[in-house]
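If you use mature numbering (1 follows the signal peptide of the UniProt record, and there is no 0), the sequence shown corresponds to residues -24 to -1, 1 to 1001, in order. Note that CB positions come from ideal geometry on N, CA and C, so glycine has one too. Data block below; observations after.
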Amino acid sequence: MRCLRSIVFSLLFVLLIAVFDVHSTNIPPHIQRHDMVYKYSRFFSSSKSLAMSDKVERRVDDIEKSIGDSRIYRGLEMKNGLTALLISDPDTDKSAVSLSVAVGSLSEPKDLPGLAHFCEHMLFLGTKKYPAENEFTQFLTQNGGSYNAYTASDHTNYYYSIKTESLKPSLDRFAQFFLEPLFTTSATEREIGAVNSEHEKNVADDYWRLAQLEKNAADPNHPYNQFGTGTKETLWVIPNSKNISIRDQLLEFHSKWYSSHLMYLTILGKEDLNTLEEMAVSLFGDIEKKNVEKPYWNDPIYKEKQLETKTIVVPVKDIRVLSVNFLIPDQSKYYRSRPCRYLSALFGHEGPTSILTVLKKRGWSNKLSAGNKFEARGIELFDIDVDLTEKGVDHVDDIIKLIFQYVNMLKREGPQEWFHDENCNISKMLFQFKDKGSPLDYVYQLSAHMINFKLEDVLTSEYLIHEWRPDLIVELLSYFRPDNMRATVVSKIFQDKTDTVDKYYGTPYSIIPIPTETLNEWRKDDLCEDLKMPLKNEFIATDFNLVPIDKNEPSHPYIIHESHLLRCWFKTDTEFRFPKAFVSIDFFSHIVMIDPFHCNIMSLFVRLFNEDFSEYTWDATRASLNLVIQPTSYGFKMQLSGFNHKLDVLLKKTIDKLLTFKIDPLRFEILKEEVTKKIRDLKNIDMEQPYHSAMRYNSIILSEDAWDPKDLLAAIDDVKIENIEEFIKKFLSQMFMESLVYGNIDKPKALELMQILETPFLGQNGFRKLLPRQMFRSREIELKDRESALFITTSDHHSSSCVYIHLQCGVQSTLNNMIVGLFNEIIKESCFNTLRTQEQLGYIVFSSSSRSHGVLSLRIIVQSDRSPMYVDTRIENYINTIEHLLMHMSEEEFDKYKDALAVKLLEKPKGLLKQAAVYQQEIDTHDYNFNRAQIEVEALKSIVKKDILKFYYDQISQSGEKRHKLAVHIKSTLKNTSEEMDNSLISNNNSILIGDITDFKMEHSLYPLPTPFIPVGLTSTKSKL
């Protein structure tokens, strides 16, 4: 169960191809079939090792890694049994640490559900050496760090990042989690509220509900049949009724299971390996080894009684899903041959002869995914999940029959070595050229992998396929049988047709035996003639040459082409030097936002285009050349990313398809289903988390152009095929494109891509350029000085309410950006500690600063079981305490916060796609400040404490002359709160209630749009407005 303590960035791994000279166009020589050899190395440290410590049992220096990985690795097995992986990276701008304990929720007492998860929470709340509850988190905040933790079925993972200079003192604090945690009585009682709030957040989430039903369906005597999150009922009320001390149970659980030989530590820092080893051994080498074995679950979670069953489920959202689960042996021991990857690639294929294509043609599904699901050591499933159309719900048995016919085809064909080789080569490419992920993501993934894989293979285990083992593929296929499966069908049509309600989430469901005649039909050894092995993949890259770099290459993107139709920003990658590229095209026209009807048409067009084109693009996706097309407020955005060799082929095919795309009347069922899905999506918005609703309403209220989902829903019924085709034709003849080309591409190739993009549109009859005034984007509503506006709405699906406090802070500028950002850096830990840890208002509590439409803001969000007006008053009370916090802050502390913010701002993107995202953000906002971090950090240096105090008094304090407050309250209808108390608090709050959003907007002026950092536009098109 993931415990979300901070925003954790996307999961990318870290690699640098240091072997390539930045001016080189050569790469290592060939590999069979694909014109490239992938070299790996068993690394042996060139630095002189320390003498073997009396706490170290074994060092491992021959850790297999990519030849391009410039980091240096060392594995340690300490005499207390703890396993450590040390990573020396002199170029890193953040250090990171993770420790996984090989024990999770399956090991907790059966009568104390959630104890392992609760233990994870409690370790952050004080140790004997550092007793203050927020000591660790406060230290991280002041040193540019972030942290998180999660509890899984078979392990618990704690991880954090920090500025490089503070690694050693942070390790000292972190090690105490596993040596002498306090588990104080007061913190224990309070933190149970946080665990309960975390569960309440998930109660209306279908993902969590379905995961629990999978556990409910297991053998009642198996530990897998359990509830892992915990609630106030399971961790406080019931134990107290039995005179069980939950604190004593925590101490006993930690004492029994938090043993050194079950711990796997990863440390990444700038230091050399010897220094890192000294830190690790001195701080973690004395953790006690307990007399307990690493848990492993050999017994099957499903016995004969639980198999050959179908579970029908009533969801919260209007979703329709079929999930087919096959019980398979734990596959982790086969990581060098990966038979599951072979079958996952086949069952999940989307090409012309795939299961999904047949389902689409029959109108039963538009989406399918397949793959193995590792639940815990000894517990593994192979899942095939099918999104069902309305028609597909009536053909569930036929869909399962198709799956077994595909199994029959695979058995007859036998394992195909060419397809295995294709998987191998794709995996090798991904490993050789994997981007450098954030240190935090890297260490937490590795520490979890260390539990199951040898240190020598821990870097390659998730990537490389070393062996061709057709016997293992045949064996694995033998488990795909009707008598070894369970099916789950999720749909609203089962309302009032179920006989059981889950006691933790309230999910209505029934488990019914599958009739013998149906099982016999699935057992037949027959085939479907449309199901065949896929064709060979023509999109796999074979040219990995790097373009030469011009010595005068600019340090940021620059315009290489601008016309009335297209502006192109371009930069050759000089940092990462991988054979990859990123191309984005924003298709913009003012006609999309004119009303909800046209917004719906654009959204439906993108859905239909993607659905129709996916058969062609699937091979490109498998070969790590990705095409993503998504609707935007003013049109749609197209992004191509991955290996650059065949990117131009994919771009040309996509543009050709875009200009010739027709909705086949014979496939009207697909259109009908996409319209239905759009309607369902709009209706399902009402079931979103309250804090998501609050953010959405905040955006609708403050944005000049924004449509409420209810407006979109009311306008969708009348959409016809001809409406979509007529509108798209008009859109493509009156629009503007802005593009970014970045990566392993030189200027001539970039211009060639732009020609592929622009020429077809210029050849259209009747194309009209957009006027400058038609190019303006939405602006933000400006609240009045000392105004406090309040919008209240309800949620019928969640027991939690939410309060979103939005304080406008004026138009962006370099200095103002830093003042608002630094203010948030100073308050965010105290905000969390006060409202979440001390007052226990809810699980989701955070503050943040933001820029939207060129306007700065500070926001505080609390999702809580308490009345929204009460929470609002507590937030305001906290805001009042900030004055004391600032006034009593020493200059040394103030400088620490400045340094912490600077560290975050200057942290370099870890990979080509991350860098592309930074550039893309500047283009999307029309700021074009590509050197933002360096410029803003210079401004940050000039800020003194009195600047922050002035900002607080003027714009944040309740008495501030320039305070602009918008509060959004999402009030749960599932909880009874006093209306009289709320009304009294509203009157005392001096807030203006927003009745009609449109009327509210009409009464307010708009902020101006910011001036771009780099001027753009053709001078011939500029005119006074």
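Using three-state DSSP, classify residue i as helix, strand or coil.
i           : result
residue 3   : Any reading at residue 3 must be qualified, since the residue scores a pLDDT of 26, below 50, and its modelled position is unreliable; the value itself is stated next. Reduced to three states, the DSSP call for residue 3 is coil.
residue 237 : helix
residue 297 : strand
residue 757 : strand
residue 986 : coil
residue 139 : coil
residue 524 : coil
residue 372 : helix
residue 730 : helix
residue 169 : helix
On the DSSP letters alone, give me the boundaries of the alpha helix (DSSP H) that residue i sits inside.
i           : result
residue 318 : 315 to 323
residue 340 : Per DSSP, residue 340 belongs to no alpha helix (DSSP H) and is neither H nor E.
residue 188 : 182 to 192
residue 400 : 393 to 408
residue 613 : Not the alpha helix (DSSP H): residue 613 falls in the beta strand (DSSP E), residues 611 to 619.
residue 625 : 623 to 636
residue 807 : 790 to 808
residue 422 : 415 to 425
Just to confirm, is the Cβ distance from residue i to residue j under 9 Å?
i           : j           : result
residue 564 : residue 289 : no
residue 261 : residue 32  : yes
residue 76  : residue 405 : no
residue 308 : residue 350 : yes
residue 266 : residue 232 : yes
residue 946 : residue 754 : no
residue 273 : residue 215 : no
residue 808 : residue 787 : no
residue 411 : residue 552 : yes
residue 166 : residue 813 : yes
residue 743 : residue 710 : yes
residue 434 : residue 422 : yes
residue 169 : residue 84  : no
residue 36  : residue 52  : yes
residue 104 : residue 145 : no
Within a Cβ cutoff of 8 Å, which residues of the same chain sit near residue i, ignoring the five residues on either side of it in sequence?
i           : result
residue 390 : 446 and 450
residue 943 : 764, 765, 766, 767, 779, 780, 781, 782, 848 and 967
residue 474 : 288, 289, 290, 484, 485 and 486
residue 226 : 91, 94, 95, 98, 159 and 164
residue 918 : 791
residue 893 : 885
residue 441 : 312, 313, 314, 317, 396, 399, 400 and 403
Can you name, in chain order, every residue of its own chain whose Cβ lies under 6 Å from the Cβ of residue i, other than the five neighbours on each side?
i           : result
residue 976 : 970
residue 436 : 40
residue 306 : 354 and 356
residue 745 : 540
residue 80  : 92, 127, 128, 129, 130, 131 and 132
Take residue i as the anchor and find which of the options has the nearest alpha-carbon.
i           : options               : result
residue 624 : 675, 729 and 506      : 729
residue 194 : 787, 921, 800 and 283 : 283
residue 188 : 670, 473, 293 and 480 : 480
residue 338 : 366, 407, 136 and 751 : 366
residue 715 : 212, 627, 683 and 552 : 627
residue 89  : 129, 467 and 815      : 129
residue 463 : 539, 439, 376 and 424 : 376
residue 151 : 219, 135, 793 and 139 : 135
residue 137 : 127, 125, 120 and 131 : 120
If you drop the 5 nearest sequence neighbours on each side, which residues of the same chain put their C-beta closer than 7 Å to that of residue i?
i           : result
residue 989 : 903, 904 and 905
residue 620 : 555, 556, 557, 719, 720 and 721
residue 536 : 544, 546, 723, 726 and 727
residue 981 : 758
With a threshold of 9 Å between beta carbons, is residue i in contact with chain B?
i           : result
residue 883 : In the displayed structure, chain B is absent; only one protein chain is listed.
From what residue to what residue does the beta strand (DSSP E) around residue i run?
i           : result
residue 856 : It is not in any beta strand (DSSP E) - residue 856 instead sits in the alpha helix (DSSP H) that spans 844 to 863.
residue 766 : 763 to 771
residue 562 : 556 to 564
residue 948 : 940 to 948
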